[in-house]
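Quick note: the sequence shown uses this note's numbering, first residue 486, plus one each step. Notes for the one structure printed next.
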Amino acid sequence: MTNTTKNNAFRRTQLNRRKFLTACAAGLMIPQLSALAGSVEKTDDGFFILKAKKSETKFFGDNGPTTQVWSYNNTNPGPIIKVKQGEKVKVRLVNELDQATSIHWHGIRIDNKMDGVSGLTQDAVKPGESFDYEFTAPDAGTYWYHTHNRSWEQLARGLYGLLIVEEPDKSDVREINLVIDDWRLDNAGKIDEKSMGEMHDWAHGGRLGNVLTLNGKQKPKIKLNAGERVRLRIVNVANSRIMELKLADHDPWIIAKDGHPITPRKLKKDDLILGPAQRIDLMLDATHKPGTQSPIHFVDQQQKYEIASFEYSQDQTVAPITSPPKALAITMPHANFKPLTAKIVPLVMIGGAMGSMEKAIVGGKTLDWKQLVKAKRVWAFNGIAGDLDKPLVKVNRGETVQIDITNDTAFPHAMHLHGTHFKVVARNNMSFNNGEWRDTELVYPNEKVSFAFLADNPGKWLFHCHMIEHQAGGMVTWIDVV
Ligand SMILES: [Cu+2]
């Protein structure tokens, strides 16, 4: 794919610039980045309690408007759940909302019953009820948890949080978490509810917002001490926005993508383009001078917008570390992986605005475009618009599977496979021996991208676009591992 195609595709998903600037100008105060609030109560039987409920937050500082969000434990983002690799995670979801909900543990190689997909792996948890999630976190890394019921509404309202699985030999490097969200707010700073579920969003680039927050605040300041090395865990939790970031001339090492370790190397430009749900772990050396400030930018159509800043302390300096960071241990079972003998599964994406979809199957019936728009199923995989009665493919446990994706739409898509990471083995006409391991990967218009994985975890694994409006509009299927 040429850069121009990529940029055009990218542009279509980005902010309306004027809207964005207006919203930024409305930011009244620049809040300090505090440690993420939100306490996690633990029961006698060892469960963290996550209460899904309505609560109020201040994106723009104490003197700014109050925004009603849906949260876990009254905090946006939800509380950080931190466990050691191999440890049991026990979380009791208590639903205090007036809508059913569920939690998906994004990127975790999990017991299928605990995957949290309402309608596929569990029933949604009704208002007033609770559900116990109990699973082992087999791989260290940066993960996140989020709602998986009516996600197009519930994620846009704030139901997500970080799940950090620590390495057994975790270094004592200071960690900074950056959870980036994209909100569509009205002039009073409230969530724009009128446009929730709007067809135009679903058929285009999804629900794109007009205010970006980091850890629930607009333009927070992130403290650094000159000379120190910090680990940044960055997560894009937006419904649909692709985020391209710039870190103010710092030259960090990259150590993981989507929680999966990669051999430490210096960051390349495209590494910091994060599709919805993607994560990146960096080791950043604070190379600027004490007392200085430097902006973190969100980049859109060559325009840069400040979304946060690094603030160096006045006097404190520490001796810089110059050696590369230690590689993180890979614990995912790659040893048995043989992409050469994979079962090939084609998947053609069609639909959306400016697309060529004339018909698709919904509820077993073939509908024409007009009927599809009425049914709000405007995207399809292999001609099927979101029906989950049958899987995309049924495979035997232990088989290697290669999904050959063709994006025949005018939009990029962030494809997410539940239950395992996959290796990107080919893109257009290039194949990679050393492709990246991801749980979510961007597939741009007119691209052909192949994902391969070892199907070693039995169950029903959802495979969908993580631009949530696209998922809701038909870009969803599942893989049956038997
Ligand atoms: Cu999509």
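Glycine included, each C-beta is placed from N, C-alpha and C at the ideal position.
In chain order, the residues with a C-beta atom nearer than 5 Å to some heavy atom of ligand 1 are H898, C950, M952 and H955. DSSP links E932 through a beta bridge to no other residue. DSSP, read as helix, strand or coil, puts H689 in coil. In this structure, V602 and N580 do not form a Cβ contact; the two beta carbons are roughly 16 Å apart against a cut-off of 8 Å. In the pairwise beta carbon analysis, the stretch 671-682 is classified as not touching the stretch 556-564: fewer than three pairs are separated by under 8 Å. Under the rule that a run must span 3 or more residues, the beta strand (DSSP E) segments found entirely inside the stretch 686-745 read 696-699, 706-711, 714-721, 728-731 and 738-742. Excluding five sequence positions before and after H955, the CB atoms of its chain that fall closer than 7 Å to its own CB belong to G691, W864 and H898, given in chain order.
Per DSSP, L582 lies in no alpha helix (DSSP H) and is assigned neither H nor E.
Nearest neighbour of I707 by Cα position, chosen from T777, T816 and G549, turns out to be T777. In the DSSP secondary-structure assignment, H901 is bridged to T925 and H949. Counting C-beta atoms within 10 angstroms of its own C-beta, V576 has 16 or more neighbours from the protein chains shown and is therefore classed as buried.
Judged by DSSP in its simplified three-state form, Q786 adopts coil rather than helix or strand. Linking R726 to T802 through their CA atoms gives a straight-line distance of about 37 Å. Distances from the CA of K573 to each of N548, A622, P612 and D608 were compared; the closest alpha carbon is that of A622. Nearest neighbour of Q786 by Cα position, chosen from M834, V658, M728 and T894, turns out to be M728. Just so you know, the alpha carbons of P705 and N914 end up roughly 42 Å apart. Annotation for V722: P562, W629, H631, L640, Y645, V664, I665, D666, P761 and A762 place their beta carbon closer than 8 Å to its own, counting only its chain and skipping 5 residues before and after. Distance between I781 and D924, taken at the CA atoms: about 26 Å. According to DSSP, residue pairing for G646 in a beta bridge involves G563 and Y630. Collapsing the DSSP output to three states places Q763 in coil.
Judged by beta-carbon spacing, D743 lies within the 8 Å limit of R764, meaning their Cβ atoms are closer than that value.
A straight line joining the alpha-carbon of L939 with that of H633 spans about 24 Å. L709 and E796 have their C-alpha atoms some 6 Å from each other. In the structure shown, M842 adopts coil according to DSSP, grouped into three states. In the DSSP assignment, K754 falls outside any beta strand (DSSP E), carrying neither H nor E. Under the three-state reduction of DSSP, E652 is assigned to coil, being neither helix nor strand.
Per DSSP, reduced to three states, the secondary structure at N919 is coil, with no helix or strand assignment.
Here N597 carries a helix assignment [DSSP, helix/strand/coil]. For the pair D889 and L927, the CB atoms are not nearer than the 8 Å cut-off.
Between I792 and L699, the gap from beta carbon to beta carbon is short of 8 Å. Sequence-distant partners of D872 (beyond 5 residues in either direction) whose C-beta falls short of 8 Å from its own C-beta, in its chain, are I846, V847, G848 and G849.
Taking the C-beta atoms as reference points, S540 is found no nearer than 8 Å to L578. Just measuring C-alpha positions, the residue of I758, D766, W590 and V878 sitting nearest R716 is D766. According to the DSSP assignment, V858 belongs to the alpha helix (DSSP H) that extends over W854 to K859. In the same chain as P943, and ignoring 5 residues on each side of it, the C-beta atoms closer than 6 Å to its own belong to R882 and V966, in chain order.
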